[in-house]
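Peer 1: Those sequence lines, one after another, are chains A and B. Residue 161 in numbering that gives the first Met the number 0 sits at position 162 of the first sequence, with consecutive numbering throughout. Residue 105 in numbering that gives the first Met the number 0 sits at position 106 of the second sequence, with consecutive numbering throughout.
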Amino acid sequence: MSFSDNTTDEILIEKARHSSEESFSILMTKYRPLVWGIAFRMCLNEEDAYDICQETAIRVWRSLPHYRSENKFSSWLRAIVSNETLRWLKRYVKGNEKVSLDESPEFMEELGSVEPNVRENLDREERLEIILCEMKRLSPQQRTALTLRYFEGLPLSEIAELLECSEGSVKQHLYRAMDRLKHILCVKEVR
Amino acid sequence: MKDHLSRENFYELVLDMCSEDDRIAFTSHLNACEECRRKMEESQEILKYLDTLPVPECSEKRWDEVVKNAAGQSAPEDLALQKAKKAGLSFAVKWMWRFAVLILVFSFGYFAGMSHKAAGIPGGEISRPIESESQPVPIPGKSSFEETPADQYFLIQSLVPSDEDATFFQTLRFDYISKPTIKENDATTGETINNAIFEAI
Chain A
0 MSFSDNTTDE ILIEKARHSS EESFSILMTK YRPLVWGIAF RMCLNEEDAY
50 DICQETAIRV WRSLPHYRSE NKFSSWLRAI VSNETLRWLK RYVKGNEKVS
100 LDESPEFMEE LGSVEPNVRE NLDREERLEI ILCEMKRLSP QQRTALTLRY
150 FEGLPLSEIA ELLECSEGSV KQHLYRAMDR LKHILCVKEV R
Chain B
0 MKDHLSRENF YELVLDMCSE DDRIAFTSHL NACEECRRKM EESQEILKYL
50 DTLPVPECSE KRWDEVVKNA AGQSAPEDLA LQKAKKAGLS FAVKWMWRFA
100 VLILVFSFGY FAGMSHKAAG IPGGEISRPI ESESQPVPIP GKSSFEETPA
150 DQYFLIQSLV PSDEDATFFQ TLRFDYISKP TIKENDATTG ETINNAIFEA
200 I
């Protein structure tokens, strides 16, 4: 982001702080791809992503007086949307508590019964469907860690802060997430 | 590197989580080891699939609604004020009732003690001053004892030769003591008057 962008942000933020809806709208529209990208990749559902964006926008509007200009606005916004999505995911998981399919012995048996060559021949769409399905089965922490690390390129320390755990735990979440995704992609065990 | 890379090593490499030294070591191993290179490609394949996950476009119309709804909430400044008020209120709610309960308990304790004392209930006697059960202690500025008229008469009678004189001096003494200036200010009024009687005799 260039200097002028930062300056523009600062002006917009200052105006939005003083209840300028127009400035707030411009500011949020500028960062729409960031908010939408994180929200959708983490919840993997369009309607839910809009809900998360709504919660995020409300939180940003209300928290603007507490925003400190020494932090980058994009980082601050990313933290808010990640927090909102994580909260949503936890709520969602709590509301849909059931045995994770890939942890159930039946599922593993079923998966094992599919011939490797058949699995490898799954076409792209099917694979996408499977990976989408498997992504949804990741725990909120695993999904958050993966999205923020891989898609957003956040350092482990920031993810750890967001998830309120150590960097080692973040790594563990990432390893497990990759392991789960690997099963569905029928990639041979990497050991 | 003799040993093959572990699964963690592959993940660290593809997710860019390893240190620079590790990266150099892992890369040099990968260049030399066909098996690890193949496994590394498999790990990269997982992420390639993640990349292919379609992210739908966010509708501008809906986004505008989202922003409008958010801005329709209380303004940031109002919220800051509301928050401050809420904080003040919560402080009052949190602490003032404790203060009120404390006063109530003390008041109750005080009045209960008073009523016990008034009713002569043994428990109430505890609060009675210890002096009331012991000998009277002379208080500076006050007469050490109370004289009854009979005491005064017998005292004067012992000093004067006849009963008439005793009556006269007692009346005189009574007049002196009745004078407020003497009564209030002179701690030894009785003694002074007695001396005066002696002198008169």
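The C-beta atom is built at its ideal place from N, Cα and C for all residues, glycine as well. Just so we're clear, the structure is a prediction, and the values are computed from it rather than from any experiment.
#1: Whole angstroms is fine: what's the gap from phenylalanine 25 (chain B)'s alpha carbon to arginine 6 (chain B)'s?
#2: Using a cut-off of 7 angstroms between C-beta atoms, extract the partners of glutamate 57 (chain B) located in chain A.
#3: Compare the C-alpha of isoleucine 51 (chain A) against each of B:Asn68, B:Met39, B:Leu52, B:Pro53 and name the closest.
#4: Which same chain residues end up closer than 7 angstroms to histidine 172 (chain A) when comparing Cβ atoms and leaving out the 5 residues on each side of it in sequence?
#5: For leucine 88 (chain A) and leucine 101 (chain B), what's the separation of their Cα atoms in angstroms?
#6: Return the CA-CA distance between methionine 177 (chain A) and isoleucine 129 (chain A), expressed in angstroms with no decimal places.
#7: Which residues mark the beginning and the end of the alpha helix (DSSP H) in which lysine 93 (chain B) is found?
#8: How is the alpha helix (DSSP H) around valine 64 (chain A) delimited, first residue to last?
#9: So, are the CB atoms of leucine 33 (chain A) and methionine 134 (chain A) less than 7 angstroms apart?
#10: Beta carbon of glutamate 54 (chain A), beta carbon of glutamate 83 (chain A): below 7 angstroms?
#11: Does the beta carbon of tryptophan 62 (chain B) sit closer than 7 angstroms to a beta carbon anywhere in chain A?
#12: At 4 residues or longer, what runs of the alpha helix (DSSP H) sit wholly inside the region 12-63 of chain A?
#13: By the three-class DSSP mapping on this structure, what secondary structure does histidine 3 (chain B) have?
#14: Taking the alpha carbon of arginine 16 (chain A) as the reference point, which residue from A:Lys29, A:Tyr49, A:Ser68 has its own alpha carbon closest?
#15: DSSP three-state label for lysine 71 (chain A), please.
#16: Is isoleucine 45 (chain B) close to chain A? Criterion is C-beta to C-beta, closer than 7 angstroms.
#17: Under the assumption that serine 24 (chain A) contacts valine 66 (chain B) (Cβ atoms under 8 angstroms), give the Cβ distance between them as a whole number of angstroms.
#18: Would you kindly work out how many angstroms separate the C-alpha atoms of phenylalanine 2 (chain A) and tyrosine 10 (chain B), rounded to a whole number?
#19: In angstroms with no decimal places, state the Cα-to-Cα distance between tryptophan 62 (chain B) and glutamate 56 (chain B).
#20: Ordered along the chain, which non-local residues of its own chain (more than five positions away) have a Cβ less than 8 angstroms from that of aspartate 20 (chain B)?
#21: Can you find a C-beta in chain B that's less than 7 angstroms from the C-beta of leucine 137 (chain A)?
#22: Give the single residue among A:Tyr66, A:Val80, A:Ser62 whose Cα lies nearest to the Cα of tyrosine 30 (chain A).
#23: Beta carbon of tyrosine 66 (chain A), beta carbon of tryptophan 75 (chain A): below 7 angstroms?
#24: Sorted by chain position, which residues of the same chain lie with C-beta nearer than 7 angstroms to leucine 63 (chain A)'s C-beta, five sequence neighbours on each side aside?
#25: Leaving out five residues before and five after aspartate 8 (chain A) in sequence, what residues of the same chain have Cβ atoms less than 6 angstroms from its Cβ?
#26: With a threshold of 7 angstroms between beta-carbons, can alanine 66 (chain A) be considered close to chain B, or not?
#27: Return no unless some Cβ of chain B is closer than 7 angstroms to the Cβ of alanine 56 (chain A).
#28: For proline 154 (chain A), which three-state DSSP category applies?
#29: Looking at chain B, is there any beta carbon in it that lies within less than 7 angstroms of the beta carbon of tryptophan 60 (chain A)?
#30: What is the DSSP secondary structure of glycine 71 (chain B), reduced to helix, strand or coil?
#31: Taking only beta carbons into account, state which residues of the region 5-31 of chain B come closer than 7 angstroms to chain A, listed in chain order.
Peer 2: For this structure:
#1: C-alpha separation (whole angstroms): 12 angstroms.
#2: According to the sequence provided, residue 57 (chain B) is cysteine. The question's glutamate does not apply to it. Those are Arg31, Trp35, listed as they occur along chain A.
#3: B:Asn68
#4: Same-chain partners within the cutoff: Gln140, Gln141, Ala144.
#5: When rounded, the distance between both Cα atoms is 46 angstroms.
#6: 14 angstroms
#7: No alpha helix (DSSP H) holds lysine 93 (chain B); DSSP gives it neither H nor E.
#8: One detail in the question is off: residue 64 (chain A) reads as proline in this sequence, not valine. It is not in any alpha helix (DSSP H) - proline 64 (chain A) carries neither H nor E in the DSSP assignment.
#9: no
#10: Result yes, Cβ atoms of glutamate 54 (chain A) and glutamate 83 (chain A) sit closer than 7 angstroms.
#11: yes
#12: 20-29, 31-42, 45-62
#13: coil
#14: A:Ser68
#15: coil
#16: yes
#17: 5 angstroms
#18: At phenylalanine 2 (chain A) the pLDDT is 46, less than 50, meaning the model places this residue with poor confidence; the figure from the coordinates comes in the next sentence. Spanning the two alpha carbons is a distance of roughly 36 angstroms.
#19: Cα to Cα, the separation comes out at about 11 angstroms.
#20: none
#21: no
#22: Comparing Cα positions, the closest option is A:Val80.
#23: yes
#24: Ile12, Ala15, Arg16
#25: Phe72
#26: Sequence check: residue 66 (chain A) is tyrosine here, not alanine. No, tyrosine 66 (chain A) does not count as interfacial toward chain B.
#27: yes
#28: Residue state, collapsed to three classes: coil.
#29: At least one C-beta of chain B is nearer than 7 angstroms to the C-beta of tryptophan 60 (chain A).
#30: coil
#31: Arg6, Glu7, Phe9, Tyr10, Leu14, Met16
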